[in-house]
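A.B. asks: Using full-length UniProt numbering, you'd call the opening residue of the sequence shown number 1 and step up by one each time. Note that the Cβ used here is the ideal one computed from N, Cα and C, for glycine as well. No experiment lies behind these values; they were computed from the predicted model shown.
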Amino acid sequence: MVKTIRLTTAQALIKFLNQQYIHIDGNEFPFVEGVFTVFGHGNVLGIGQALEEEPGHLKVFQGKNEQGMTHAAVAYSRQKLRQKIFAVTASAGPGSANMVTAAATAFANNIPVLLLPADTFATRQPDPVLQQLEHETSAAITTNDAFKSVSRYWDRIQRPEQLMSSLLRAFEVMTNPATCGPATICIAQDTEAEAYDYDEDFFKKRVHYVDRQIPAQRALEGAVERIEASKKPVIIVGGGAKYSEARDALLRLSSQCGIPLVETPAGKATVEADFINNLGGTGVLGTLAANKIIRQADLIIGVGTRYTDFTTSSKTAFDYEETKFLNINVNRMQAYKFDAFQLIGDAKESLTLLTPMLIGYQTELGETIQHLKTEWSAERKRLGETTFSRTNFSPEIKGQFTQETLNEYADTLDTDLTQTSAFLAINDTVEKDSIAIASAGSLPGDMQRLWNSVVPNTYHLEYGYSCMGYEIGGALGVKLASPSQEVYAMVGDGSFLMLHSELITALQYHQKINILLFDNSGFGCINNLQMGNGSGSYKCEFRDYNNQIMSIDYAKVAEGYGAKVYRANTKEALIAALEDAKKQDKSTLIDIKVLPKTMSDGYDSWWHVGVAEVSKSPAVHVAYERSQEMLKNAKKY
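Encoded structure:
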C-alpha cells in the first residue's frame, strides 16, 4: 500500500525543495539554497505559512523589491556557476509582475532560478479578486501569463496533485546545461492552502546528475581537421566555458597550439587576464587587441558563446571570405550559428579531448599575440592617466559636448575626474580576489575593456539582458555566493535610480557589498548613442525645470539606509575611500562624481542600431549612410 502524507500544496513544495540535490564531477550537495520573498496576499498564507513552520535547510530572505530580490537570486546562481539556486516568491498581481524583468534577465543569460508567482483562485469563487486582471476573451488569463515568454519552463497549478509532475519537469530544465534557465510555477492562492495526500516517495532525496556530454568522435575529428587547416584561429570564450569550468582545458590548448583567446562578457575571467594569450573582451565592448586579432582570424572557435551582436560587432567583426566557424556548445541551436561546424558537447570535456589530437599543430600568429597585448596595455595605461582641462579637453566620443557644456558639468558636480581614470584606480586598489559586478550604461564598456581579473570567476557582467537595476541586487546575490570575498557593484547614477532596494536587504542581513556609484548626472551611455548617430543631446541629461544640471547627493541617500558612505571627486579621494571601505564590516557606497564623455570608446567595432532614414539633420543623414555602408559587410544569418 502506498504510504501518504497529508500536506498543503505549499507545504509539499517546501518539503520537496529541501530534498533536491545536484551531482557534478563526483560532488553532491543541495541544489536549492533558500527562498527570497516579499509576502502578500496569495503567498503569505500558503508558502509563508509553510516556511514559517518547516523551512528545513532553506535560508529565507525578506526582499524589498520583487525585481531586486530576483536579480539577487539570478546573480547567486550565476556566481555559483549554475550549480545552486534560490527560489523566489511574490504576491499575486503587481508583486509577481515585478519579477518579469528579472525573469527575462535570467532567461537571456541561461541562469536557473525557480519563480513562484502567486496566482488567482482556482475555484474562481471570489473573482475578480484584488489585483486580478479581467479579460473578456478568457477567464484563464492572469498576470502570470506574462512569464511564458521569459521562462524555460512554465506551468500553472490549480490542483494539489499537479505540483508533483510540474516540479519534476521544472528541475529537469534547471539542471540541464543545454536548456537551463528560469522555471516558473504559478500556484493559485486557494490551491496553495489546499491539502492532499501526497505519496511519501515524492519527498525522498532526489539527486539530479549533471553528466558532462561527450562529443561524438566524428565531430572531434572534424574539429581537428578544421583547426589543422587554419593558420590564424581564435577562440572566443563564452559563458558556457565558464559554467563548464573549462579554465585548465583552455590554458592547455591555447598554450600548446598558440591560439589566442578573446572573451564575451559572460566568458570573461574564465581565464585570468594576465595569461599570455588572453587578449580580453571582443566586439563592441572589446579591446583593440581582441578586435584586431578577430579581423585576422581564418577560423573562429566559439566555446559556449551565443554570438550576440555586441560580441560580433553586429556580425561585422569577421572577414567572411576567409573566416570559417567551429562551435563547441551543449546547445545545438547555439552550435549552428554562423553556419558553423558543430561540436556538440561539454566545453571542458571537448577541449580536453581535442588537445592531445592537436599535438604538433601551431598557429602562424607567433609574436603577434604578445605585440597586440603590449599595444593594448599601453592604451589602457593612457586611459587611466586621462585628465580634464577646462580650456583644451578633447573627448574621444563622436558627438561630444562642447567645451562649455563640459565646464558646466565640472562646475556643477565639482569634479575634474574622468571615468576611465577613476575606473582603473579602482581596479588597481581593490584586492585581487574581489568580485566586480556591472550590468548597464557605459560601465560595461569600461568593465569589458579595462577591468583586469587576475583571479578566475571574479568578473560578473550581466550583459545578456543588460538590465538597469541589476547591479545592487546582483551584488547581494554574489555576496551570498562568495561570502569571503569583497563584492563591488559598478553602477551609474541612472541605473542606481532605477533600483537599489536590495542595499537595505544587504544591510539587514549583514551581507557587506560595496557600491561604486559613477555620477555623471544623466543616462550617459544613451546620450553617447544619440549624439554619436547625429542627434542632439535630448532628454538624456539630468536637468531641472530651469535647464540646470542636477547634482544629487547619493551618499546621503545611502547614509539614511545605514551604509558607510564616502564622496570622491578626485582620484586621491577615491583611493582613500576604497582603502577605508576595505576595513568596514557593513555595506558601503562611494559617490564618485565623474565627467560625462570620459568613458572608453569603441575600438575597431560597430553596433547596428536603427538610425532614421529620413531626418532634417545632415548629421543624421551621415550616420544613416554609414550604417548602410557597414551593413554591406555584415552577415545576414
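(1) Specify the secondary structure class of Asn329 as computed by DSSP and reduced to three states.
(2) Where DSSP assigns a beta bridge to Pro128, which residues make up the other side?
(3) Could you check what DSSP says for Ala90 in three-state terms: helix, strand or coil?
(4) How big is the Cα-Cα spacing for Lys148 and Trp154?
(5) Grab me the residues of Asp585's own chain with a C-beta within less than 7 Å of its C-beta, minus the 5 sequence neighbours each way, in chain order.
(6) For His23, I'd like the list of residues in its chain whose CB is within less than 8 Å of its CB, leaving aside the five on either flank, ordered along the chain.
(7) Going by DSSP in three states, Glu349 sits in which element: helix, strand or coil?
(8) Is the beta carbon of Gly448 less than 8 Å from the beta carbon of Gly281?
(9) Grab me the residues of Gln83's own chain with a C-beta within less than 7 Å of its C-beta, minus the 5 sequence neighbours each way, in chain order.
(10) Using beta-carbon positions only, say whether His41 and Tyr470 come within less than 8 Å of one another.
(11) Please classify Arg306 as buried or exposed, where buried requires at least 16 neighbouring CB atoms within 10 angstroms.
(12) Ends of the beta strand (DSSP E) at Trp154?
(13) Does the separation of the CB atoms of Ile592 and Phe518 fall below 8 Å?
(14) Using the Cβ count rule (16 or more neighbours within 10 Å means buried), how would you classify Thr137?
(15) Got a sec, what are the start and stop residues for the beta strand (DSSP E) Gln20 sits in?
(16) Among all the DSSP beta bridges, which residues are the ones paired with Glu28?
(17) Run through DSSP, which three-state label would His460 get?
(18) On a CA-only basis, which of Ser600, Cys180 and Ile549 is nearest Asn110? Give me that one, please.
(19) If you drop the 5 nearest sequence neighbours on each side, which residues of the same chain put their C-beta closer than 8 Å to that of Leu279?
(20) Would Leu343 and Asn327 qualify as a contact pair, given that the criterion is a beta-carbon distance under 8 Å?
(21) Assign Ala269 to one of three DSSP states: helix, strand, or coil.
(22) Does the ligand NAD have a heavy atom nearer than 7 Å to the CB of Val454?
(23) With DSSP collapsed to three states, give me the class of Met490.
(24) Please classify Pro483: does DSSP put it in a helix, a strand, or coil?
(25) From Met174, Leu114, Thr101 and Glu200, pick the residue whose C-alpha is nearest to that of Val2; which is it?
(26) Just to confirm, are Ser314 and His608 a CB contact at a threshold of 8 Å?
(27) Tell me the rounded alpha-carbon separation between Met164 and Tyr198.
(28) For Leu299, which option in Ser434, Lys324, Leu285 and Thr311 has the closest C-alpha, if you only look at C-alpha atoms?
(29) Does Leu631 come out as helix, strand or coil in the three-state DSSP assignment?
(30) What residue does the alpha helix (DSSP H) around Arg78 start on, and which one ends it?
(31) Report the residue from Ile549, Val620 and Gly473 whose alpha carbon sits nearest the alpha carbon of Ser535.
(32) With a 10 Å radius around its C-beta and 16 neighbouring C-beta atoms as the bar for buried, classify Ser466 as buried or exposed.
(33) Cutting at 7 Å between CB atoms, please list the residues of its own chain near Ile397, excluding the five before and the five after it.
(34) I believe Val32 touches Gln20 by the beta-carbon criterion, under 8 Å. Please report the beta-carbon distance rounded to the nearest angstrom.
(35) So Leu516 is in the alpha helix (DSSP H); what residue range does that whole segment cover?
(36) Taking the alpha carbon of Asn407 as the reference point, which residue from Ser389, Gln419 and Gln400 has its own alpha carbon closest?
C.D. replies: On the basis of the supplied data:
(1) It is a strand residue.
(2) DSSP lists no partner for Pro128.
(3) DSSP places Ala90 in strand when its eight states are reduced to three.
(4) Roughly 6 Å between the two C-alpha positions.
(5) For Asp585, where only same-chain residues beyond five positions count, the Cβ hits under 7 Å are Lys512.
(6) Excluding residues within five positions, the ones whose Cβ falls inside 8 Å are Val207, His208, Tyr209 and Val210.
(7) Reduced to three states, the DSSP call for Glu349 is helix.
(8) The question names Gly, but residue 448 in the sequence shown is Gln. Taking 8 Å as the Cβ cut-off, Gln448 and Gly281 qualify as a contacting pair.
(9) Same-chain partners within the cutoff: Ile22 and Ile24.
(10) Result no, Cβ atoms of His41 and Tyr470 do not sit closer than 8 Å.
(11) So Arg306 counts as buried.
(12) Run containing Trp154: Tyr153 to Ile157, per the beta strand (DSSP E) assignment.
(13) Going by C-beta atoms, Ile592 is nearer than 8 Å to Phe518.
(14) Residue environment: Thr137 is assigned as exposed (fewer than 16 neighbouring CB atoms within 10 Å of its CB, all protein chains considered).
(15) First-last of the beta strand (DSSP E) with Gln20: Gln20 to Ile24.
(16) Looking at the DSSP output, Glu28 bridges to His23.
(17) His460 falls in the strand class under three-state DSSP.
(18) Asn110 has its Cα closest to that of Cys180, out of Ser600, Cys180 and Ile549.
(19) Counting only residues of its own chain and dropping the five nearest sequence neighbours on each side, Leu279 has a CB closer than 8 Å to the CB of Pro260, Leu261, Val262, Thr287, Ala289, Ala290, Ile293, Ile369, Leu372, Lys373 and Trp376.
(20) Less than 8 Å separates the beta-carbon of Leu343 from that of Asn327.
(21) Looking at Ala269 - three-state DSSP - the assignment turns out to be coil, as it is neither helix nor strand.
(22) Although the ligand NAD was asked about, the structure shown includes no ligands whatsoever.
(23) Met490 falls in the strand class under three-state DSSP.
(24) Three-state result, Pro483: coil.
(25) When Met174, Leu114, Thr101 and Glu200 are compared, the shortest CA-CA separation from Val2 is found for Glu200.
(26) Yes, they are a contact pair.
(27) Answer to the nearest angstrom: the Cα atoms are 9 Å apart.
(28) Residue Lys324 is the option with its Cα nearest to Leu299.
(29) If DSSP states are grouped into helix, strand and coil, Leu631 belongs with the helices.
(30) Element bounds for Arg78: Glu66 to Gln79.
(31) Among Ile549, Val620 and Gly473, the Cα nearest to that of Ser535 belongs to Val620.
(32) Result: buried.
(33) Any reading at Ile397 needs caution, since the residue's pLDDT is 47, under 50, leaving its predicted position unreliable; the model's value is listed next. Counting only Cβ-Cβ distances below 7 Å, and skipping sequence neighbours, we find Asn528, Gly532, Lys597 and Asp601.
(34) The Cβ separation is near 6 Å, so the contact holds.
(35) For Leu516, there is no enclosing alpha helix (DSSP H); the residue is found in the beta strand (DSSP E) stretching over Asn514 to Asp519.
(36) When only C-alpha atoms are compared, the closest one is Ser389.
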